[in-house]
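Below is one structure, written out as structure tokens; comments come after it.
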Amino acid sequence: MRDYGKVHTSFWSSPTIRSMSEDARTLAFYLVTSPHSNMAGAYRLPDGYVCEDLNWPPERVAKAFAETL
Numbered sequence: 486m487r488d489y490g491k492v493h494t495s496f497w498s499s500p501t502i503r504s505m506s507e508d509a510r511t512l513a514f515y516l517v518t519s520p521h522s523n524m525a526g527a528y529r530l531p532d533g534y535v536c537e538d539l540n541w542p543p544e545r546v547a548k549a550f551a552e553t554l
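The sequence shown begins at 486 in our numbering and counts up by one.
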């Protein structure tokens, strides 16, 4: 796990991010700031972790992941 990371303010004004639903934006931000990542920013993330961390049901996670791909 890394102790810190940068998320640029341009994240929110990116055309790609702006075109996403609120759930997909939340998931994208979660993926960039995930507590499960390592110093290199690489990690394995089972859907169950996302469900637990965001307090979302599996269907909501799957729909948001489908939109972010």
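All residues carry an ideal CB built from backbone N, CA and C; glycine is no exception.
Rounded to the nearest angstrom, what separates residue i and residue j at their Cα positions?
i: residue 513; j: residue 553; result: 7 Å
i: residue 494; j: residue 543; result: 29 Å
i: residue 545; j: residue 521; result: 20 Å
i: residue 508; j: residue 549; result: 6 Å
i: residue 534; j: residue 528; result: 12 Å
i: residue 519; j: residue 511; result: 11 Å
i: residue 503; j: residue 551; result: 16 Å
i: residue 477; j: residue 491; result: In the structure as shown, the chain begins at 486 and stops at 554. Residue 477 is therefore absent and cannot be evaluated.
Would the segment 487-501 count as touching the segment 537-544 if we require 3 or more Cβ pairs under 8 Å? no
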